[in-house]
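Protein chains: 2
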Amino acid sequence: MEEQIDSVGKAFVDHYYHLFDTDRPALSSLYQPTSMLTFEGQKIQGVDDITSKLNQLPFDRCRHVISTIDSQPASVTGGIVVFVSGSIQLPGENHPLQFSQMFHLSPTLQGNLFVLNDIFRLNY
Amino acid sequence: MEEQIDSVGKAFVDHYYHLFDTDRPALSSLYQPTSMLTFEGQKIQGVDDITSKLNQLPFDRCRHVISTIDSQPASVTGGIVVFVSGSIQLPGENHPLQFSQMFHLSPTLQGNLFVLNDIFRLNY
Numbered sequence: 001m002e003e004q005i006d007s008v009g010k011a012f013v014d015h016y017y018h019l020f021d022t023d024r025p026a027l028s029s030l031y032q033p034t035s036m037l038t039f040e041g042q043k044i045q046g047v048d049d050i051t052s053k054l055n056q057l058p059f060d061r062c063r064h065v066i067s068t069i070d071s072q073p074a075s076v077t078g079g080i081v082v083f084v085s086g087s088i089q090l091p092g093e094n095h096p097l098q099f100s101q102m103f104h105l106s107p108t109l110q111g112n113l114f115v116l117n118d119i120f121r122l123n124y
Numbered sequence: 001m002e003e004q005i006d007s008v009g010k011a012f013v014d015h016y017y018h019l020f021d022t023d024r025p026a027l028s029s030l031y032q033p034t035s036m037l038t039f040e041g042q043k044i045q046g047v048d049d050i051t052s053k054l055n056q057l058p059f060d061r062c063r064h065v066i067s068t069i070d071s072q073p074a075s076v077t078g079g080i081v082v083f084v085s086g087s088i089q090l091p092g093e094n095h096p097l098q099f100s101q102m103f104h105l106s107p108t109l110q111g112n113l114f115v116l117n118d119i120f121r122l123n124y
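Top to bottom, those sequences are chains G and D.
The first sequence finishes on residue 124 if you use full-length UniProt numbering, and the numbering steps up by one all the way, no holes.
The second sequence finishes on residue 124 if you use full-length UniProt numbering, and the numbering steps up by one all the way, no holes.
Shown next, in the form of structure tokens:
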């Protein structure tokens, strides 16, 4: 069970940042109308507004490098919390930016996981 | 609703780190047998083992300074996720350690919130 949670968390993280770095509009597939994103303190709700925010960030290309992934079961119904630390390399910047991000993944009625809670912070 | 979530998150964070810095054994009141802590990648489950871990950290006194608190509702049943960034000043250390921590607070049958998920990472 514990190993399964770790695998699911890692698979999600790999998928999420791969999409972010190569096909950012496709991240919309991971959110639902009830999803919430807090990005550097700004609260955004719903798949449309979250997707707009992510696609309008002031950089076109970026590369995430993940340092740590910690996953835990978050409910008896199959939810998972995933905590990520890593860095983002932006084009034209010498130094990567350190960040931390947490996701609360919740099962849909169909049994797939979607991002219910997403909180992102740069580490200064 | 949104302001209420922020207030509850901030009240929890103030209470948690105040206990941590002044009466660490009392943190046991915030956990339950189903609680999980991942501390720097080490997974610990249950109020007894979590309390032991926190009380056996290799420093007696410390002082947390909180930089950011982001809170979101995490379920229709009253759960909350809280994401914290800040620093820890240890005795005899010149520089504080930066950390990020997330909590998933879940309601007990009595309606109080307890820490179901707790993930802590130092930021290097």
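Cβ atoms here follow ideal geometry from the backbone N, Cα and C, with glycine treated the same way.
Contacts around residue i, its chain only, beta-carbon distance under 6 Å, and the 5 residues preceding and following it disregarded
i: Gly46 of chain D; result: Pro33
i: Arg121 of chain D; result: Ser100
Same chain only: Cβ atoms within 7 Å of residue i, ignoring 5 sequence neighbours per side
i: Ile66 of chain G; result: Val13, Tyr17, Val84, Gly86
i: His64 of chain G; result: Tyr17, Phe20, Asp21, Gly86, Ile88
i: Lys53 of chain D; result: Leu37, Phe39, Ile44
i: Glu93 of chain D; result: none
i: Ser7 of chain G; result: none
Chain G contact for residue i (CB, 9 Å cutoff)
i: residue 201 of chain D; result: The requested residue 201 of chain D is not part of the displayed model; chain D covers only 1 to 124.
i: Leu116 of chain D; result: yes
i: His104 of chain D; result: yes
Supposed contact pair residue j and residue i - C-beta distance, whole angstroms, cut 8 Å
i: Tyr112 of chain G; j: Met36 of chain G; result: Here the sequence assigns Asn to residue 112 of chain G, which means Tyr is not the residue at that position. At roughly 18 Å, the Cβ-Cβ gap does not stay under 8 Å, so Asn112 of chain G and Met36 of chain G are not in contact.
i: residue 131 of chain G; j: Thr38 of chain G; result: Nothing can be reported for residue 131 of chain G: it is not among the residues displayed for chain G, which extend from 1 to 124.
i: Ser71 of chain D; j: Gly9 of chain D; result: 3 Å
i: Phe99 of chain G; j: Leu30 of chain G; result: Not really, about 18 Å apart at Cβ, beyond 8 Å.
Closest residue to residue i among the options (Cα-Cα distance)
i: Ile69 of chain G; options: G:Phe103, G:Gln56, G:Leu57; result: G:Phe103
i: Pro96 of chain G; options: G:Val82, G:Thr22, G:Ile80, G:Asn123; result: G:Asn123
i: Lys43 of chain G; options: D:Glu3, D:Phe59, D:Asp48, D:Lys53; result: D:Glu3
i: Leu105 of chain D; options: D:Gly78, D:Gly92, D:Phe59; result: D:Gly78
i: Cys62 of chain G; options: G:Gly41, G:Asp48, G:Leu90; result: G:Leu90
i: Asp48 of chain G; options: G:His15, G:Ser28, G:Pro58, G:Gly41; result: G:Ser28
i: Asp60 of chain G; options: G:Asp23, G:Gly41, G:Val82; result: G:Asp23
i: Gly41 of chain D; options: G:Thr108, G:Leu109, G:Pro107, G:Val82; result: G:Val82
Closer than 9 Å to chain D by CB, residue i
i: Ser100 of chain G; result: yes
i: Asn112 of chain G; result: no
i: Thr68 of chain G; result: yes
i: Asn94 of chain G; result: no
i: Asn55 of chain G; result: no
Contacts around residue i, its chain only, beta-carbon distance under 8 Å, and the 5 residues preceding and following it disregarded
i: Pro25 of chain G; result: Thr51, Asn55
i: Ile5 of chain G; result: Ser71, Gln72, Pro73, Ile80
i: residue 198 of chain D; result: Outside the shown range of chain D, which is 1 to 124, sits residue 198 of chain D, and nothing can be said about it.
Checklist entry - At a Cβ cut of 7 Å, what residues of the segment 72-90 of chain D count as close to chain G, listed as they run along the chain? => result Taking 7 Å as the Cβ-Cβ cut-off against chain G, the residues of the segment 72-90 of chain D that qualify are Gln72, Ala74, Val81, Phe83, Ser85.
Next on the checklist: At a CB distance below 8 Å, what residues from the segment 29-53 of chain D approach chain G? Give them in sequence order.
Outcome noted: Taking 8 Å as the Cβ-Cβ cut-off against chain G, the residues of the segment 29-53 of chain D that qualify are Met36, Thr38, Gly41, Lys43.
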